[in-house]
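J.:
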Amino acid sequence: MDEAKELRRSNYRFDSLLAYIYDDLNIKVIVSGSMVELLYRFLRVEDPEAPLYGRAYSEVRLKPLPREKAIVAIAHFFMGKHLYNSFKRRELLSFALKYLLAYLKKFGSY
Numbered sequence: 515m516d517e518a519k520e521l522r523r524s525n526y527r528f529d530s531l532l533a534y535i536y537d538d539l540n541i542k543v544i545v546s547g548s549m550v551e552l553l554y555r556f557l558r559v560e561d562p563e564a565p566l567y568g569r570a571y572s573e574v575r576l577k578p579l580p581r582e583k584a585i586v587a588i589a590h591f592f593m594g595k596h597l598y599n600s601f602k603r604r605e606l607l608s609f610a611l612k613y614l615l616a617y618l619k620k621f622g623s624y
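Okay, here's the thing in structure tokens:
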């Protein structure tokens with residue numbers, strides 16, 4: 515689940531569902547979000563009354579991706595490393611933004 519904070523808007527208690535998945539199914543769940551404090555409040559892992567309390571979990575914190583590295587990653591994704599090397603920085607930025615927006619329009623929610 516990406517940006518789990520969006521699930522807070524629902525009337526359904528997803529922490530109960532996640533506890534069921536954790537206890538009874540052989541499924542790994544990754545919950546992500548950009549606002550860590552909201553994730554803790556949403557999942558209530560430290561609340562003794564909550565369904566997920568006491569369950570083991572791992573946390574991975576990532577630093578923001580610098581703009582330059584993001585551009586390179588997007589370009590590699592859309593055109594491969596071999597084409598990336600032949601582009602100048604300005605052309606690369608233009609290409610990356612154009613195709614990222616097209617990708618989000620087709621597959622994303624934007």
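Residue numbers (the working numbering): 515 to 624. C-beta atoms are modelled at their ideal positions from N, C-alpha and C, and glycine is treated no differently.
1. Select from Gly-568, Lys-612, Leu-611 and Arg-575 the residue whose C-alpha is nearest the C-alpha of Val-545.
2. Specify the secondary structure class of Ala-564 as computed by DSSP and reduced to three states.
3. Measuring CB atoms only, is the segment 561-573 touching the segment 581-590, in the sense that at least three cross pairs come out at less than 8 Å?
4. Relative to the C-alpha of Ile-588, which candidate in Val-559, Arg-558, Lys-612 and Ile-541 has its C-alpha closest?
5. Does DSSP put Asp-582 in a helix, in a strand, or in coil?
T.: Reading from the atomic positions:
1. Nearest to Val-545 by C-alpha distance, out of Gly-568, Lys-612, Leu-611 and Arg-575, is Arg-575.
2. In this structure, Ala-564 counts as coil in the three-state DSSP scheme.
3. Contact between the segment 561-573 and the segment 581-590 is absent, because fewer than three Cβ pairs lie under 8 Å.
4. It is Lys-612.
5. The residue you asked about is not Asp; residue 582 is Glu in the sequence shown. Reduced to three states, the DSSP call for Glu-582 is helix.
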